[in-house]
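Here is the structure we will look at, set down as structure tokens.
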Amino acid sequence: MKIVVCIKQVPDTTDVKINKETNTLIREGVKSIINPYDVYAIEEGLALKEIYGGSVTVISMGPPQVCEALKEAVSLGVDNVILISDRAFAGADSLATSYTLAKTIEKIGEVDLIITGKQAIDGDTAQVGPGIAEWLHIPHSTYIKAVEEITGEHIRVQRMIEGGYERIELDMPALITVVKEINEPRFPSIRGILRSREIEVPIWTANDLDVDETRIGLKGSPTQVVTIATPELGSKGEIFRGKAEEQVQKLFAALRERQIV
Ligand SMILES: Cc1cc2nc3c(=O)[nH]c(=O)nc-3n(C[C@H](O)[C@H](O)[C@H](O)COP(=O)(O)OP(=O)(O)OC[C@H]3O[C@@H](n4cnc5c(N)ncnc54)[C@H](O)[C@@H]3O)c2cc1C
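When the sequence shown is numbered by the numbering used here, its final residue is 288 and no position is left out of the sequence of numbers.
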């Protein structure tokens with residue numbers, strides 16, 4: 028079985044500051060990591076390979092420093108990695124990103140299963156996985172918490188929903204996006220770490236892919252960011268201290284004043 032896992036490098040924080048003049052995220056000085064959900068996607072790829080055989084290829088679109096994230100994937104035991112990097116891809120929104128990743132997967136060829144994280148912790152749209160599947164005209168399912176079984180033609184999965192899960196069977200090739208409940212990621216092995224130090228990450232540019240130039244980068248991105256703002260913090264809570272009986276009275280008085288009770 029040929030498995031492709033898509034990973035994104037993201038800032039190691041959910042407290043990213045915004046440059047108010049350019050309306051862009053300030054990434055300088057912030058350490059980068061593999062998007063946490065994507066670590067579970069890698070683990071699922073490796074676990075399925077252990078059961079069903081085949082190979083796991085990890086791909087990522089981004090600037091050259093994303094090589095580090097791909098090397099980390101190598102240390103975990105994946106077979107191949109590919110960085111998709113070109114100035115022509117810069118400014119890609121989730122539509123252009125999913126198009127470029129779909130074109131990469133098309134070039135890899137004969138892929139049976141594509142795994143992505145449920146969402147990136149910086150962009151947070153959760154659009155890229157389903158977007159890839161739409162470009163490739165293959166079925167997809169999101170928020171997968173377990174892969175039950177893969178037969179030659181179908182994959183049966185458990186999809187998280189409020190209060191439980193639903194069982195879904197998809198024709199293959201298919202794409203799934205995964206949640207943290209799906210597995211327990213492994214640690215890098217010594218052999219993997221050594222291999223990651225030696226490997227030269229292949230870089231595919233726009234010229235290597237059969238892309239329509241009007242669909243990549245800024246040109247292929249219909250999203251317009253009007254403004255980005257840090258949400259105002261809500262009012263701070265009020266702590267009532269002292270004898271419980273008195274404080275309960277005060278609490279109720281405060282709630283009545285705000286017409287909550
Ligand atoms: C107008 C505009 C311009 C932008 N310009 C840039 C830019 O120049 N540089 C930049 O870094 N970002 C840029 N972004 C942000 C970038 O487009 C998004 O981060 C990207 O589309 C992914 O969306 P997301 O972060 O919401 O991912 P989600 O859809 O939340 O991610 C879901 C999953 O998809 C996969 N995935 C997501 N992104 C990638 C990727 N790049 N490679 C492999 N797998 C991936 C991962 O498995 C991830 O868990 C721009 C956004 C807009 C709207």
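Beta carbons: idealized from backbone N, C-alpha and C, even for Gly.
It should be emphasised that the depicted structure is a prediction, and the values quoted were computed from it without experimental measurement.
I believe residue i touches residue j by the beta-carbon criterion, under 8 Å. Please report the beta-carbon distance rounded to the nearest angstrom.
i, j, result
"T250", "D120", "4 Å"
"Q185", "I171", "7 Å"
"M88", "T124", "6 Å"
"V105", "L73", "7 Å"
"I230", "S112", "5 Å"
Taking only heavy atoms of ligand 1 into account, decide whether any of them is closer than 7 Å to the Cβ of residue i.
i, result
"A129", "no"
"V288", "no"
"V57", "no"
"P138", "The question names Pro, but residue 138 is Val in the sequence shown. No, the beta carbon of V138 sits no closer than 7 Å to any heavy atom of ligand 1."
"I61", "no"
"Y126", "no"
"M88", "yes"
"D120", "yes"
"Q146", "yes"
"Y64", "yes"
"C33", "yes"
"G72", "no"
"D149", "yes"
"T152", "yes"
"G156", "yes"
"A96", "no"
"A68", "yes"
Which residues mark the beginning and the end of the alpha helix (DSSP H) in which residue i is found?
i, result
"L197", "Not the alpha helix (DSSP H): L197 falls in the beta strand (DSSP E), residues G191 to D198."
"I69", "P63 to Y79"
"R283", "A271 to E284"
"S223", "I217 to E225"
"P249", "Element bounds for P249: n/a, residue is neither H nor E."
"P212", "Run containing P212: none; DSSP gives neither H nor E here."
"V155", "V155 to L163"
Please state the DSSP three-state secondary structure of residue i.
i, result
"T124", "helix"
"A96", "helix"
"P91", "helix"
"T84", "strand"
"S262", "coil"
"K29", "strand"
"S168", "strand"
"V174", "strand"
"A129", "helix"
"S59", "strand"
"A201", "strand"
"T51", "strand"
"I148", "coil"
"V101", "helix"
"I111", "strand"
"I142", "strand"
"I45", "strand"
Taking Cβ positions, are residue i and residue j nearer each other than 8 Å?
i, j, result
"Y126", "I217", "no"
"I141", "I132", "yes"
"L97", "L110", "yes"
"C94", "V228", "yes"
"K145", "T232", "no"
"Q103", "I78", "Checking the displayed sequence, the identity of residue 103 turns out to be Leu instead of Gln. No, Cβ-Cβ distance for L103 and I78 is not below 8 Å."
"E71", "N210", "yes"
"T257", "I45", "yes"
"V31", "V206", "no"
"L202", "H164", "no"
"E265", "A281", "yes"
"Y64", "P212", "no"
"E175", "M199", "no"
"G158", "L197", "no"
"Q36", "I61", "yes"
So the beta strand (DSSP E) residue i belongs to, where does it begin and stop?
i, result
"I182", "H181 to I188"
"I320", "What the structure shows of the chain is the stretch from 28 to 288, and residue 320 is not part of that stretch, so it cannot be assessed."
"N234", "Segment: none, N234 is in no beta strand (DSSP E) and carries neither H nor E."
"P38", "Q36 to P38"
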